[in-house]
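Student:
Protein chains: 2
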Amino acid sequence: MLSIGELSRRTGVKVPTIRYYEQIGLMPLAPRTEGKQRRYGVDEASRLNFIRHARELGFEVEAIRELLQLSEKPDQSCAEADAIARRHMAEVERRIDQLTALRAELQHMVEECSHGRVGECRVIQVLADHSQCEHERH
Amino acid sequence: MLSIGELSRRTGVKVPTIRYYEQIGLMPLAPRTEGKQRRYGVDEASRLNFIRHARELGFEVEAIRELLQLSEKPDQSCAEADAIARRHMAEVERRIDQLTALRAELQHMVEECSHGRVGECRVIQVLADHSQCEHERH
DNA sequence: CTACAATCTCCAGCGACTAGAGGTTCAAGC
DNA sequence: GCTTGAACCTCTAGTCGCTGGAGATTGTAG
Numbered sequence: 045m046l047s048i049g050e051l052s053r054r055t056g057v058k059v060p061t062i063r064y065y066e067q068i069g070l071m072p073l074a075p076r077t078e079g080k081q082r083r084y085g086v087d088e089a090s091r092l093n094f095i096r097h098a099r100e101l102g103f104e105v106e107a108i109r110e111l112l113q114l115s116e117k118p119d120q121s122c123a124e125a126d127a128i129a130r131r132h133m134a135e136v137e138r139r140i141d142q143l144t145a146l147r148a149e150l151q152h153m154v155e156e157c158s159h160g161r162v163g164e165c166r167v168i169q170v171l172a173d174h175s176q177c178e179h180e181r182h
Numbered sequence: 045m046l047s048i049g050e051l052s053r054r055t056g057v058k059v060p061t062i063r064y065y066e067q068i069g070l071m072p073l074a075p076r077t078e079g080k081q082r083r084y085g086v087d088e089a090s091r092l093n094f095i096r097h098a099r100e101l102g103f104e105v106e107a108i109r110e111l112l113q114l115s116e117k118p119d120q121s122c123a124e125a126d127a128i129a130r131r132h133m134a135e136v137e138r139r140i141d142q143l144t145a146l147r148a149e150l151q152h153m154v155e156e157c158s159h160g161r162v163g164e165c166r167v168i169q170v171l172a173d174h175s176q177c178e179h180e181r182h
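These protein sequence lines are chains A and B, in that order.
Just so you know, we're using our numbering here: the first sequence kicks off at 45 and counts up by one.
Just so you know, we're using our numbering here: the second sequence kicks off at 45 and counts up by one.
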């Protein structure tokens, strides 16, 4: 049986985060010692690894909740898991596109700055006036 | 003089957000009518446009606070404004790189899914075991 | 048996808003 | 002048996914 600290070390998830996951029901209520300290088994370590990995991949907690539920029903069709992953991927792509447009705008702004005084600074000017931007959308 | 609603329409910033900006000191405390309603002039509209545009470009409120202060001292060197913009751009690039790695991993995951049952689903399997990922870092 | 690291619970805070409750004011139409 | 109702006011709480602190208790090594 693992203490919360050991579980934390094994999974790379911080102790308060593990407690938080228990609180929001992402991790099951761990059994306690007589002194009310949490103890964990191997299944909990796996589950926490799953959660951590999904979080690293940017899945939201609600999506992870669904994915965990699905993973407990191995006989069901995996269409839903697939849909969740694809939906998330679309969102990631959307964010990449937005950030890329944004980067272009920032680059443009910074390159035009002649390193003089604030009064002529393109950075400040462009911020003050959107119409000086390359692209309408960002 | 503009009411908060008119200012909102002109700048595209929502009414509660304008009040929030006043609260955190990003917008000055607007003068009030006898009935305690806010009234704004042209300068405030410009300032709010500046803020909105900077937010659209992803600058944090603290950075915007600094940029606004700088924009009020037109004789000063714009090195600091430049530095803020470059710092932000570096951060945006970092996020793009991270999301791109993430997308690759998701793509890999989703493409390998054979649309069968959850038990053999690659999406679930990969989430459960990080070592099945293409790249160590994401 | 003592020391002290680790754990416990509970609460507050982050960033940047957003939403709602419950009350007041402004402006237009009659 | 009066009524209506949209717009405004303040205040509080909620969002997401944690993170940190206070103050008390427990587990374990020497």
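Just so you know, even glycine gets a beta-carbon here, dropped at the ideal spot from N, CA and C.
What residues of chain B sit near Met153/A, judged by a beta carbon separation below 7 angstroms?
Tutor: Ordered by position in chain B, the residues that pass the 7 angstroms Cβ test against Met153/A are Ala129.
Student: Under a Cβ-count criterion, where at least 16 other Cβ atoms within 10 Å of its own Cβ denotes burial, should Ser115/A be classed as buried or exposed?
Tutor: The residue is buried, with at least 16 neighbouring Cβ atoms inside 10 Å.
Student: Determine the chain A residues that contact Ala107/B at a beta-carbon separation under 8 angstroms, and present them in chain order.
Tutor: Those within 8 angstroms of Ala107/B in chain A number zero; the least Cβ separation is about 11 angstroms.
Student: Tell me, please, whether the CB atom of Val170/B is closer than 9 angstroms to any CB atom in chain A?
Tutor: Taking Cβ atoms only, chain A reaches closer than 9 angstroms to Val170/B, which makes this a yes.
Student: Please report whether the beta-carbon of Met133/A lies at a distance below 9 angstroms from any beta-carbon of chain B.
Tutor: Chain B, which has a Cβ nearer than 9 angstroms to the Cβ of Met133/A, makes this yes.
Student: So, Ala98/A versus Leu171/B, is the Cβ gap smaller than 9 angstroms?
Tutor: Their beta carbons are under 9 angstroms apart, which means Ala98/A touches Leu171/B by this criterion.
Student: Does the beta-carbon distance from Leu112/A to Ile95/A come in below 9 angstroms?
Tutor: Yes; because the gap between Cβ atoms is below 9 angstroms, this pair is in contact.
Student: Just the C-alpha distance for Gly85/A and Pro75/A, rounded to the nearest angstrom, thanks.
Tutor: Between Gly85/A and Pro75/A, the C-alpha separation is close to 10 angstroms.
Student: Shortest alpha-carbon distance to Ile108/A belongs to which of Arg139/A, Ile68/A, Gln120/A?
Tutor: Nearest of Arg139/A, Ile68/A, Gln120/A to Ile108/A, Cα basis: Ile68/A.
Student: Skipping 5 residues on each side, what residues in its chain have a beta carbon closer than 8 angstroms to that of Glu124/B?
Tutor: Taken in chain order, the residues that qualify are Glu110, Leu114.
Student: Can you pull the chain A neighbours of Gly163/B, defined as C-beta to C-beta under 7 angstroms?
Tutor: Simply Pro118, Asp119.
Student: Should Gly102/B be flagged as near chain A, meaning a C-beta pair shorter than 9 angstroms?
Tutor: It does: the Cβ of Gly102/B has a partner Cβ on chain A nearer than 9 angstroms.
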